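Undergrad: Residue numbering for the sequence shown follows this note's numbering, beginning at 14 and increasing consecutively. Glycine included, each C-beta is placed from N, C-alpha and C at the ideal position. Given the structure is predicted, the values throughout are model-derived calculations rather than measurements. Here you go, one structure.
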Amino acid sequence: WATWCGPCVTEFPEFIKINRMYNARDFEFITISADKPEKKDKVLNFLKEKQAANKNYLYSKDNKYAMIEAVDPKWQGALPYTVLVEPGGKIVYAKQSTIDPLIMKKTIVENKYIGRVY
(Lines of atoms letter the chains of each structure in order from A and count residues from 1; the text may use other names and numbers.)
(Lines give C-alpha, C1' and ligand atoms only; values in the text may rest on other atoms or scores of the structure.)
Protein backbone atom coordinates (compact mmCIF):
# COMPACT_ATOMS: atom_id res chain seq x y z
CA TRP A 1 0.00 0.00 0.00
CA ALA A 2 1.00 3.64 -0.14
CA THR A 3 -0.42 6.95 1.04
CA TRP A 4 -0.47 8.15 -2.57
CA CYS A 5 -2.53 5.12 -3.72
CA GLY A 6 -6.22 6.09 -3.65
CA PRO A 7 -7.57 2.51 -3.72
CA CYS A 8 -5.11 1.52 -0.95
CA VAL A 9 -6.32 4.35 1.28
CA THR A 10 -9.95 3.47 0.55
CA GLU A 11 -9.61 -0.22 1.45
CA PHE A 12 -7.32 0.25 4.47
CA PRO A 13 -10.17 0.48 7.03
CA GLU A 14 -11.37 -2.96 5.89
CA PHE A 15 -7.97 -4.42 6.76
CA ILE A 16 -8.18 -2.87 10.22
CA LYS A 17 -11.60 -4.52 10.71
CA ILE A 18 -10.31 -7.88 9.46
CA ASN A 19 -7.31 -7.67 11.77
CA ARG A 20 -9.56 -6.95 14.75
CA MET A 21 -11.86 -9.83 13.84
CA TYR A 22 -9.13 -12.44 13.54
CA ASN A 23 -6.23 -11.27 15.73
CA ALA A 24 -7.05 -13.80 18.47
CA ARG A 25 -6.28 -16.60 16.02
CA ASP A 26 -2.92 -17.69 14.69
CA PHE A 27 -3.14 -14.78 12.29
CA GLU A 28 -0.71 -11.92 11.88
CA PHE A 29 -1.70 -8.92 9.80
CA ILE A 30 1.12 -6.75 8.53
CA THR A 31 1.30 -3.91 6.04
CA ILE A 32 4.22 -2.77 3.92
CA SER A 33 4.14 0.80 2.70
CA ALA A 34 5.71 1.51 -0.67
CA ASP A 35 6.07 5.19 0.24
CA LYS A 36 9.57 6.65 0.05
CA PRO A 37 11.45 6.66 3.37
CA GLU A 38 11.32 10.47 3.51
CA LYS A 39 7.51 10.16 3.70
CA LYS A 40 7.76 8.25 7.00
CA ASP A 41 5.89 10.95 8.96
CA LYS A 42 3.03 10.94 6.45
CA VAL A 43 2.80 7.14 6.72
CA LEU A 44 2.85 7.25 10.54
CA ASN A 45 0.16 9.93 10.63
CA PHE A 46 -2.03 7.87 8.31
CA LEU A 47 -1.59 4.75 10.45
CA LYS A 48 -2.40 6.68 13.64
CA GLU A 49 -5.47 8.22 12.03
CA LYS A 50 -6.69 4.75 11.00
CA GLN A 51 -5.79 3.29 14.43
CA ALA A 52 -3.68 0.60 12.80
CA ALA A 53 -2.44 -1.50 15.73
CA ASN A 54 -0.92 -4.22 13.56
CA LYS A 55 2.70 -4.45 12.41
CA ASN A 56 3.45 -1.87 9.76
CA TYR A 57 6.62 -1.60 7.72
CA LEU A 58 7.98 1.12 5.47
CA TYR A 59 10.11 -0.30 2.66
CA SER A 60 13.34 1.65 2.94
CA LYS A 61 15.44 0.32 0.08
CA ASP A 62 15.77 1.88 -3.36
CA ASN A 63 14.99 -1.30 -5.29
CA LYS A 64 11.20 -1.72 -5.19
CA TYR A 65 11.57 -4.72 -7.49
CA ALA A 66 13.38 -6.60 -4.72
CA MET A 67 10.36 -6.00 -2.48
CA ILE A 68 7.98 -7.16 -5.21
CA GLU A 69 10.01 -10.34 -5.72
CA ALA A 70 10.17 -11.02 -1.97
CA VAL A 71 6.42 -10.54 -1.44
CA ASP A 72 5.22 -12.53 -4.45
CA PRO A 73 7.15 -13.22 -7.67
CA LYS A 74 3.82 -13.26 -9.55
CA TRP A 75 3.05 -9.67 -8.47
CA GLN A 76 3.32 -7.18 -11.33
CA GLY A 77 4.09 -4.28 -8.96
CA ALA A 78 0.82 -2.34 -9.13
CA LEU A 79 -0.92 -1.23 -5.94
CA PRO A 80 -2.89 -2.20 -4.05
CA TYR A 81 -1.66 -5.76 -3.71
CA THR A 82 -2.84 -8.13 -1.00
CA VAL A 83 -1.60 -11.59 -0.12
CA LEU A 84 -2.74 -14.05 2.52
CA VAL A 85 0.10 -16.38 3.46
CA GLU A 86 -0.17 -19.61 5.47
CA PRO A 87 2.44 -20.58 8.02
CA GLY A 88 5.28 -21.99 5.96
CA GLY A 89 4.94 -19.35 3.25
CA LYS A 90 2.25 -20.73 0.94
CA ILE A 91 0.21 -17.93 -0.66
CA VAL A 92 -3.47 -18.86 -0.41
CA TYR A 93 -4.93 -15.55 -1.61
CA ALA A 94 -3.46 -12.91 -3.88
CA LYS A 95 -5.27 -9.90 -5.28
CA GLN A 96 -3.91 -7.06 -7.37
CA SER A 97 -6.56 -4.36 -7.00
CA THR A 98 -8.89 -3.67 -4.11
CA ILE A 99 -10.12 -6.65 -2.14
CA ASP A 100 -13.66 -7.83 -1.63
CA PRO A 101 -13.78 -7.96 2.19
CA LEU A 102 -16.27 -10.85 2.20
CA ILE A 103 -14.06 -12.99 -0.03
CA MET A 104 -11.03 -12.20 2.13
CA LYS A 105 -12.90 -13.12 5.34
CA LYS A 106 -14.20 -16.32 3.73
CA THR A 107 -10.67 -17.26 2.68
CA ILE A 108 -9.44 -16.73 6.24
CA VAL A 109 -12.30 -18.66 7.85
CA GLU A 110 -12.02 -21.59 5.45
CA ASN A 111 -8.24 -21.87 5.82
CA LYS A 112 -7.24 -25.00 7.74
CA TYR A 113 -4.51 -23.15 9.65
CA ILE A 114 -6.38 -20.01 10.73
CA GLY A 115 -9.98 -20.96 10.04
CA ARG A 116 -13.06 -21.68 12.12
CA VAL A 117 -11.36 -23.78 14.79
CA TYR A 118 -8.61 -22.08 16.73
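#1: How big is the Cα-Cα spacing for M117 and A83?
#2: I29 and A65 - do their beta-carbons sit closer together than 8 Å?
#3: Would I43 pass as a contact of K68 if the rule is Cβ separation under 8 Å?
#4: What residues in its chain sit with their C-beta under 8 Å from that of N124, if we drop five residues either side in the sequence?
#5: On the three-pair Cβ rule with 8 Å, is the segment 38 to 57 touching the segment 71 to 78?
#6: Cutting at 7 Å between CB atoms, please list the residues of its own chain near K63, excluding the five before and the five after it.
#7: Which whole-angstrom value describes the C-beta separation of P93 and C21, a residue pair presumed to lie in contact below a C-beta threshold of 8 Å?
#8: Could you please give the first and the last residue of the uninterrupted alpha helix (DSSP H) stretch that includes N76?
#9: Could you tell me the distance, in whole angstroms, from the CA atom of R38 to the CA atom of K53?
#10: Please state whether DSSP places K11 in a helix, a strand or coil.
TA: Walking through what the data contain:
#1: As a working mapping, residue 117 is identified with position 104 in the sequence shown. As a working mapping, residue 83 is identified with position 70 in the sequence shown. Distance between the alpha carbons of M117 and A83: 22 Å.
#2: For the purposes of this step, residue 65 is identified with residue 52 of the sequence shown, where counting begins at 1. For the purposes of this step, residue 29 is identified with residue 16 of the sequence shown, where counting begins at 1. Yes, the pair counts as a contact, with Cβ atoms nearer than the cut-off.
#3: Counting from one through the sequence shown, the residue named residue 43 turns up at place 30. Counting from one through the sequence shown, the residue named residue 68 turns up at place 55. Contact: yes.
#4: The count along the sequence shown starts at 1 and reaches residue 124 at position 111. Counting only Cβ-Cβ distances below 8 Å, and skipping sequence neighbours, we find L97, E99, V105.
#5: yes
#6: Start at 1 with the first residue of the sequence shown, and residue 63 comes out as number 50. Correct list, in chain order: F25, P26, I29.
#7: For the purposes of this step, residue 93 is identified with residue 80 of the sequence shown, where counting begins at 1. For the purposes of this step, residue 21 is identified with residue 8 of the sequence shown, where counting begins at 1. Correct: roughly 4 Å between the Cβ atoms.
#8: By one-based count along the sequence shown, residue 76 stands at place 63. That residue, N76, is in no alpha helix (DSSP H); it is neither H nor E in DSSP.
#9: To locate residue 38, count along the sequence shown from 1; it is residue 25. To locate residue 53, count along the sequence shown from 1; it is residue 40. Using only the alpha carbons, I get a separation of about 30 Å.
#10: Because residue 11 is not part of the residues shown, which for the chain are 14 to 131, the question remains open.
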